[in-house]
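Novice:
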Amino acid sequence: MAMSFDYEQHDALALGAMVRSGELGAAELLDAALARIAERNPALNAVVTPMYDAARTAIAAGLPDGPFQGVPFLVKELVASVAGVPTTFGSRLYARNLPAADSEVVARMRRAGLVIVGKTNSPEFGLSPTTESLLYGVTRNPWDHALTPGGSSGGAAAAVASGMVPMAHATDGGGSIRIPASCCGLFGLKPTRARVTSGPEGGEGLSGLANQHVVSRSVRDSAAMLDAIAGPMPGDPYAAAPPTRPFIDEVGQPPGRLRIAFSATAPNGVPVDAECRAAVEDAARLCEQLGHHVEEASPAYDAQAVSRGFEAVFAANTMANIARATGGAMPAPDQVEPLTLALAERGRAMGASEFILQLQSLHRQSRRVAAFFERYDAWLTPTLAQTPRPIGWFDIRSGDAARWLGQLEAYLPFTYLFNVTGQPAASVPLYWTAGGVPVGCQFAARQGEEGLLLRLCAQLEEARPWFGRRPAAG
34 MAMSFDYEQH
44 DALALGAMVR
54 SGELGAAELL
64 DAALARIAER
74 NPALNAVVTP
84 MYDAARTAIA
94 AGLPDGPFQG
104 VPFLVKELVA
114 SVAGVPTTFG
124 SRLYARNLPA
134 ADSEVVARMR
144 RAGLVIVGKT
154 NSPEFGLSPT
164 TESLLYGVTR
174 NPWDHALTPG
184 GSSGGAAAAV
194 ASGMVPMAHA
204 TDGGGSIRIP
214 ASCCGLFGLK
224 PTRARVTSGP
234 EGGEGLSGLA
244 NQHVVSRSVR
254 DSAAMLDAIA
264 GPMPGDPYAA
274 APPTRPFIDE
284 VGQPPGRLRI
294 AFSATAPNGV
304 PVDAECRAAV
314 EDAARLCEQL
324 GHHVEEASPA
334 YDAQAVSRGF
344 EAVFAANTMA
354 NIARATGGAM
364 PAPDQVEPLT
374 LALAERGRAM
384 GASEFILQLQ
394 SLHRQSRRVA
404 AFFERYDAWL
414 TPTLAQTPRP
424 IGWFDIRSGD
434 AARWLGQLEA
444 YLPFTYLFNV
454 TGQPAASVPL
464 YWTAGGVPVG
474 CQFAARQGEE
484 GLLLRLCAQL
494 EEARPWFGRR
504 PAAG
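Sequential numbering of the sequence shown, starting at 34, is according to our numbering.
Encoded structure:
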């Protein structure tokens, strides 16, 4: 490798361009990634399933001429299947699950030229806002190893923040792209509902709440990746309206003078850490300096009804995840974690009519939130109500589901709303605490308006660049 080349100083699009031009070889990029994984992963536990030989084989066979040709990439150990590699969902129950084919999203990633080098840690079934599991152990935050990197895409975020890869696959059912992006100082966009297919394995993820995309260092990588993976496949139950132009073309375009509402008060009334409030107030001032109309406002909706419905969806889907493996029976205690079992029992006890009523309630509240976005182009909030929690704060060995749900409500009252409504939302790394820990700010927009979010977030990135910030502990 040329001595002048610094792998970590380039985003994924820049690396791909160098491979396509012949300036660098894909094998050189792979060596750079593997060297950093070998050096940093033992302390972080971000990569749990190596695919190094498969990566070398893919390069030797020839890579598609996509925008990310030759760029090393990691797939989250949840939802997306990689042919011939276990997809465990972070659970001992699925430890022997060996898919025969790639998920469609993985196939599209390969067509974009990405080289899959491994899979990243996820909590069991993606249930937790931390990344700790009995199957794979604890993933740590590169900024401070005593803290969680967030969840459930914490392995992905830790890998990107520590410089192992420039971006990584992530999923989001209640904030699982945005939470770790906030904790690790990355950009994380949750797309509009059904922007990315869940096929062929599923029709919709988490009853419509879940999404797939990436965590990245740059806004433009996120935009280009969304171009690569967006769109339905035959048989999908529904799809997001196609964009008017490629998402990458939004980056660098003036967003215009937007009407931006902001609030640092949690919709459910839980306390918000001073640092999280400060992050939002700082971002609001920055938006105003950039020429946007900014005022304090929040949508009027029943936060408790949204919470009840969200909990019902999580409980029912947890039981369904187990039933797929057991034929409907409850698993043995040593097959799933105590918290998972407790949530599954709630799901099993729920009647079908109650589940439908909860979904209908979520739809009613979604319409109330949508009305707010007729007046405003974007809503700015903290991504999280608390700064990153210590490892072990969310006790995966406890079967006290009520306590865990209470912790969830206190930690992420801002993120899961947009899984319920299906709107796009992004965590943007604009603020660090005095102790050097990142604190993300969340921007949400109307259904289908990822383009607006990308224009705004790229403007923020240009005004306050974050790409060069690196964790000393990583």
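From the three backbone atoms N, C-alpha and C, an ideal C-beta is built for every residue, glycine too.
#1: Kindly identify the DSSP beta-bridge partner or partners of T414.
#2: Check the C-beta distance from L489 over to A385 and give it rounded, since I have them as a contact under 8 angstroms.
#3: What is the DSSP secondary structure of G509, counted as helix, strand or coil?
#4: Taking only runs that begin and end inside the segment 109 to 184, name each unbroken beta strand (DSSP E) of 3 or more residues, in chain order.
#5: Ignoring anything shorter than 4 residues, give me the alpha helix (DSSP H) runs that lie fully in the segment 283 to 370, in order along the chain.
#6: In terms of residue numbering, what span does the beta strand (DSSP E) encompassing Y85 cover?
#7: Check whether the Cβ atoms of L147 and F122 lie closer than 7 angstroms to each other.
#8: Can you confirm whether V52, when its beta carbon is compared against all beta carbons of chain B, has any partner nearer than 7 angstroms?
#9: Which residues in the same chain have their Cβ closer than 6 angstroms to the Cβ of V139, if we skip the five residues on either side of it in sequence?
#10: Would you check if there are 3 or more beta carbon pairs closer than 8 angstroms linking the segment 339 to 352 to the segment 235 to 253?
#11: How many whole angstroms separate the CB atoms of Q419 and A443, which I take to be in contact at a CB cut-off of 8 angstroms?
#12: Is the separation between the beta-carbon of G473 and that of P462 shorter than 7 angstroms?
#13: Below 8 angstroms on the Cβ atoms is my guess for T163 versus G184; work out the distance and round it to an integer in Å.
#14: For P275, which option in D86, L48 and R228 has the closest C-alpha, if you only look at C-alpha atoms?
#15: What three-state label does DSSP hand T204 in the structure shown?
#16: Which residues in the same chain as L395 place their Cβ atom closer than 6 angstroms to its Cβ, once the five residues preceding and following it in sequence are excluded?
#17: Applying the 10 Å Cβ sphere with the 16-neighbour rule, what's the burial state of T90?
#18: Quick check on this structure: which residue in L372, Q393, I281 and Y449 has the alpha carbon closest to the alpha carbon of A491?
#19: Within a Cβ cutoff of 7 angstroms, which residues of the same chain sit near F38, ignoring the five residues on either side of it in sequence?
#20: Which partner residues does G232 have in the DSSP bridge list?
#21: Does the beta-carbon distance from E387 to I429 come in below 7 angstroms?
#22: Excluding the 5 residues preceding and the 5 following A317 in the sequence, name in chain order all residues of the same chain whose CB lies nearer than 7 angstroms to its CB.
#23: State the DSSP-derived secondary structure class of H396, mapped to helix, strand or coil.
#24: Assuming R188 is part of the alpha helix (DSSP H), what are its boundary residues?
#25: Decide if the segment 211 to 224 is in contact with the segment 179 to 196; the criterion is three or more beta carbon pairs, one per stretch, under 8 angstroms apart.
#26: So, is A35 buried or exposed, given that buried needs 16 or more other C-beta atoms within 10 angstroms?
#27: Using the C-alpha atoms, what's the distance from G206 back to Y334?
Specialist: Once the coordinates are examined:
#1: The residue given as residue 414 occupies position 381 in the sequence shown. Answer is Q475.
#2: The residue given as residue 489 occupies position 456 in the sequence shown. The residue given as residue 385 occupies position 352 in the sequence shown. Not really, about 41 angstroms apart at Cβ, beyond 8 angstroms.
#3: In the structure as shown, the chain starts at 34 and stops at 507, and residue 509 therefore has no counterpart that could be examined.
#4: As far as the segment 109 to 184 is concerned, its whole beta strand (DSSP E) runs of at least 3 residues are 148 to 153.
#5: List check, alpha helix (DSSP H) in window: 307 to 322 and 336 to 359.
#6: Within the sequence shown, numbered from 1, the residue matching residue 85 stands at position 52. Where Y85 is concerned, there is no enclosing beta strand (DSSP E), although the alpha helix (DSSP H) it sits in stretches over Y85 to A94.
#7: Taking the sequence shown and counting its residues from 1, one reaches residue 147 at position 114. Taking the sequence shown and counting its residues from 1, one reaches residue 122 at position 89. Going by C-beta atoms, L147 is not nearer than 7 angstroms to F122.
#8: In the structure shown, chain B does not exist; there is a single protein chain.
#9: As a working mapping, residue 139 is identified with position 106 in the sequence shown. Excluding positions up to five away in sequence, the list reads A113 and V115.
#10: A contact is defined here as three or more CB-CB pairs under 8 angstroms, and the segment 339 to 352 meets this definition with respect to the segment 235 to 253.
#11: Working through the sequence shown from its first residue, we reach residue 419 at position 386. Working through the sequence shown from its first residue, we reach residue 443 at position 410. That pair is a contact at about 7 angstroms.
#12: Translated into the one-based positions of the sequence shown, residue 473 becomes position 440. Translated into the one-based positions of the sequence shown, residue 462 becomes position 429. Going by C-beta atoms, G473 is nearer than 7 angstroms to P462.
#13: As a position in the sequence shown, residue 163 is number 130, starting the count at 1. As a position in the sequence shown, residue 184 is number 151, starting the count at 1. The beta carbons of T163 and G184 sit about 5 angstroms from each other, so the pair counts as a contact at 8 angstroms.
#14: In the sequence shown, the residue the question calls residue 275 occupies position 242. P275 has its Cα closest to that of R228, out of D86, L48 and R228.
#15: Here residue 204 refers to the residue found at position 171 when the sequence shown is read from its first residue. DSSP places T204 in strand when its eight states are reduced to three.
#16: Locating residue 395 in the sequence shown gives position 362, where the first residue counts as 1. Around L395: G342 and V453.
#17: Along the sequence shown, one-based indexing puts residue 90 at 57. Per the 10 Å Cβ criterion, exposed.
#18: Your numbering for residue 491 matches position 458 in the sequence shown. For the residues L372, Q393, I281 and Y449, the minimum Cα distance to A491 belongs to I281.
#19: Within the sequence shown, residue 38 is the residue found at index 5, counting from 1. L57, listed in sequence order.
#20: The count along the sequence shown starts at 1 and reaches residue 232 at position 199. Residue pairing by DSSP leaves G232 without any beta bridge partner.
#21: One-based indexing of the sequence shown puts residue 387 at position 354. One-based indexing of the sequence shown puts residue 429 at position 396. Contact: no.
#22: In the sequence shown, residue 317 corresponds to position 284, counting from 1. Closer than 7 angstroms at the Cβ level, and outside the excluded window around A317, lie F295, V327 and L413.
#23: Here residue 396 is taken as the residue at index 363 of the sequence shown, counted from 1. Correct three-state label for H396: helix.
#24: Working through the sequence shown from its first residue, we reach residue 188 at position 155. The sequence given here places Gly at residue 188; Arg does not occur at that position. Where G188 is concerned, the enclosing alpha helix (DSSP H) stretches over G187 to A194.
#25: Contact between the segment 211 to 224 and the segment 179 to 196 is present: three or more C-beta pairs spanning the two stretches fall below 8 angstroms.
#26: Locating residue 35 in the sequence shown gives position 2, counting from the first residue. The pLDDT assigned to A35 is 41, lower than 50, so where the model puts this residue is not dependable, and the model offers no usable value.
#27: Mapped onto the sequence shown, residue 334 falls at position 301. Mapped onto the sequence shown, residue 206 falls at position 173. If you take the alpha carbons of Y334 and G206, they lie about 20 angstroms apart.
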